[in-house]
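Asker: The sequence shown lines up with residues 3 to 76 when you count with this note's numbering.
This is the structure I have questions about; it appears just below.
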Amino acid sequence: MPKQFYIDIEPEALADIQKAIDYYDSKRIGLGEAFYNTIDEHIEFLRINHNAFAVKYDDIRCLPLKKYHSLPRF
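And the structure:
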């Protein structure tokens, strides 16, 4: 089993995620939850496959979410 790493999500990033959830829910009920689930799945993938994505800024790796046109940074 691959080594899993701790993902530290800054409070500002959590606030941004919540804003995105609220925005998507304002467009269609349930879309915010779908966005959250996508974020959660990607974080879990990154936790297990941390080297799958290049370092973009200092020691920060970015994982693109094509469906939502955003780029979460971890």
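Note that the Cβ used here is the ideal one computed from N, Cα and C, for glycine as well.
Note that the structure is predicted; figures quoted are calculated from it, not measured.
1. Looking only at C-alpha atoms, which of Thr40, Phe7, Ile62, Gly32 sits nearest to Lys69?
2. Closer than 8 Å is the cut-off here; do at least three beta carbon pairs connect the segment 6-15 with the segment 48-58?
3. Which residues bound the beta strand (DSSP E) around Glu58?
4. Between Lys29 and Val57, what straight-line distance do the alpha-carbon atoms span, to the nearest angstrom?
5. What is the residue span of the alpha helix (DSSP H) that His44 lies within?
6. How many Å lie between Asn53 and Gly32 at the Cα?
Answerer: Once the coordinates are examined:
1. Thr40
2. yes
3. A quick correction: the sequence has Lys, not Glu, at residue 58. Lys58 -> beta strand (DSSP E) spans 57-59.
4. 33 Å
5. 33-50
6. 32 Å
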